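Counting in numbering that gives the first Met the number 0, the sequence shown runs from 0 upward without gaps.
Virtual Cβ for every residue (Gly too), placed ideally from N, Cα, C.
These numbers come from a predicted model, not from an experiment.
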Amino acid sequence: MRVNRISRARRHAALGVSVVALAAGVTTGAGPAAAQPKAAAAAAAECSSAYKIEQKLSSGTTWSMCWRYDGKAGLVLEDISYQPKGEAAPIKVLNSARLGQIHVPYDDGSVEYDDLTGFGFAQGLMNLDPGECPGGTIKKVKVPDSWDPDQSDVSGLCTTTRSRGHAYRMQGDSANKVYQAQGKDLLVYSVNQVGWYEYMTEWRFQDDGTITMNLGATGSLSYYDYDAGDGRGWPIGKGPRAQATSHSHNAFWRLDFALDGSSKNRVEQYDSTVTAAAAGQQAPSTRTTRTPVTKELAGDAKSYRWWRVVSAVGKNKDWHPRSYEIVPGPSTKYPGRSFTKHDVYFTEYNECEQFASNNPGNCGAGAGKSVDKWVNGQALTHPVVWMNVGFHHIARDEDQQPMPVHWQGFSIAPRDVTAMNPLTPAELAGQNGQWTPGS
């Protein structure tokens, strides 16, 4: 009989998760309770200093948020706000942001896993060495339903800052002047072990307002799975031996937007069409159309398509509605399950809809246990975004030992959140819109 990649001890631990939590459809965790506003006026509960993350970056941008630790999802970030220089008050972006599932099917069809809801992802939080959080702070996390109740406090949450290279560079209208800045990020991350894998859940909050969500897989390949002799694996031992079984990592993120403090956001889809050059034109022409997404949607990424979430209540200093654009990362879309067949889902907020597959909550008769079943034509007034990013892992010799981190993820980028580049130097502040050289 095939031995699964999760150890017997972990299997029993995963099955032993609180029955009360399963019945309720929610999990308990460290930190303040998740405040899920149902109306635009609802204010998020303020968290204590122990669960507050606030960082002013050297460029003048401040990010602030609360954190808690969920017994299934792991790290959850809430009440996320962004305040670039020049803005009098923080601009709220998200009610909450977290992983929504890690679905791992093996190519030979023998097994598949829902790591968050079925295999103790949250309970596998790892202690971090100070060297893993250079220049930052490692916070203590109380892990709900810990496998070892005497060791439920884990030094497992790193907050630090990192440089990311050029934020911009411009020669300007004079050869004697170069405008350039090096970008800075607030980095928040944790590491969770599931079987042989160690997952790095990373959140990057850039000084230009972009948020990047990454999931990194490292650790080891399961040595129980070196038996793929039917073309569904790759030899990583000497000669043709040790055929590591190929598999997929389908990672979901769940984002509950609250632009300008309101959950009543709009969703818009943009598609561009390129047509051949007409008589008298020097080049092909491109037309972009906007389609309001007024009902729940299962969306597919393709060339010249993008989505944004738009504030219903706030505008920037140019009187343009604030929004965040969804920027998908590279993805190998897994067609084997209904919930992995689309790249993004926009669903109406429902408290029981917490995980993209194997959802433990009871959402009512006929509601289904996966995100695709929740897209049923309901009007979008409080949209929740589910992003699906897939990675097909065909092992290589270099994956041993240990296995280098392979990343998958996506970003949300500000679109008209501020009237100009939030990192604009003071001497260029007058160049908004049409301007003349020397202004």
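| message | Measuring alpha carbon to alpha carbon, tell me which residue in Val-343, Lys-51, Val-374 is nearest Glu-77. | response | Looking from the CA of Glu-77, the closest CA among Val-343, Lys-51, Val-374 belongs to Lys-51.
| query | Can the beta-carbon of Gly-215 be found less than 8 Å from the beta-carbon of Trp-66? | reply | no
| query | Taking the alpha-carbon positions, what's the Pro-329 to Arg-253 distance? | reply | The straight-line gap from Cα to Cα measures roughly 18 Å.
| Tell me the DSSP bridge mates of Glu-53? | Ser-63
| query | Which stretch, first to last residue, makes up the alpha helix (DSSP H) that contains Asp-114? | reply | Per DSSP, the unbroken alpha helix (DSSP H) holding Asp-114 starts and ends at 114-117.
| query | Looking at the structure shown, is Phe-338 part of a helix, part of a strand, or coil, going by DSSP? | reply | Judged by DSSP in its simplified three-state form, Phe-338 adopts helix.
| query | Just checking, does the stretch 386-393 make contact with the stretch 287-305 on the three C-beta pairs under 8 Å criterion? | reply | no
| query | Do Leu-422 and Asp-206 have their C-beta atoms closer together than 8 Å? | reply | yes
| Among Pro-83, Asn-94, Leu-124, the one whose alpha carbon lies nearest that of Asp-69 | Leu-124
| request: Could you pull out every unbroken beta strand (DSSP E) segment of at least 3 residues lying fully inside the stretch 290-368, listed in chain order? | output: Runs found: 296-298, 304-314, 320-327, 343-347.
| Three-way DSSP call (helix, strand, coil) for Lys-263 in this model | coil
| Since Arg-414 and Arg-336 are thought to touch, with beta carbons under 8 Å apart, how far apart are those beta carbons, to the nearest angstrom? | Not a contact, Cβ separation roughly 32 Å.
| request: Reducing DSSP to helix, strand and coil, say where Ser-219 ends up. | output: coil
| request: Counting only the same chain and skipping the five closest in sequence on each side, list residues whose C-beta sits under 6 Å from that of Phe-204. | output: Trp-62, Leu-185, Ile-210
| Is Val-177 helix, strand or coil when you go by DSSP? | coil
| query | So Lys-332 packs on Asp-317, CB below 8 Å; how close in whole Å? | reply | In fact, because the Cβ distance is near 37 Å, the residues do not count as touching under 8 Å.
| Nearest neighbour of Arg-97, chosen from Phe-409, Trp-434, Gly-432 [CA to CA] | Checked all of Phe-409, Trp-434, Gly-432; the closest Cα to Arg-97 is Phe-409.
| field | Cβ neighbours of Ala-311 in the same chain (closer than 7 Å, five flanking residues each side left out) | value | Ser-261, Lys-263, Asn-264, Arg-265
| said: Relative to the C-alpha of Lys-141, which candidate in Gly-134, Ala-282, Gln-150, Gly-135 has its C-alpha closest? | reply: Nearest C-alpha to Lys-141: Gln-150.
| Run through DSSP, which three-state label would Gly-408 get? | strand
| request: Give the straight-line distance between the Cα atoms of Asn-361 and Pro-424, rounded to the nearest whole angstrom. | output: 52 Å
| Among residues of its own chain, excluding the 5 on either side of Asn-358, which ones have a beta-carbon nearer than 6 Å to its beta-carbon? | Around Asn-358: Lys-368.
| query | What's the call for Val-273, buried or exposed, on a 16-neighbour Cβ count within 10 Å? | reply | exposed
| task | Tell me whether Gln-122 sits in a helix, a strand or coil according to DSSP, three-state version. | result | helix
| task | Would you tell me roughly how many angstroms separate the C-alpha atoms of Tyr-188 and Ala-278, rounded to the nearest one? | result | 55 Å
| query | Quick one: what does DSSP say Lys-372 is sitting in, helix, strand or coil? | reply | helix
| query | Just the Cα atoms here: how many angstroms apart are Val-25 and Ser-219? | reply | At Val-25, the pLDDT of 35 sits below 50, so the modelled position is not reliable; the number obtained from the coordinates is stated separately. Going from the Cα of Val-25 to the Cα of Ser-219 covers about 31 Å.
| Can the beta-carbon of Val-193 be found less than 8 Å from the beta-carbon of Phe-256? | Not in contact: Val-193 and Phe-256 (Cβ atoms no closer than 8 Å).
| message | Quick check: what's the CA-CA separation for Gln-280 versus Gly-208? | response | 38 Å
| said: Check this for me: beta carbons of Ala-394 and Ile-137, under 8 Å apart or not? | reply: No, the Cβ-Cβ distance between Ala-394 and Ile-137 is not below 8 Å.
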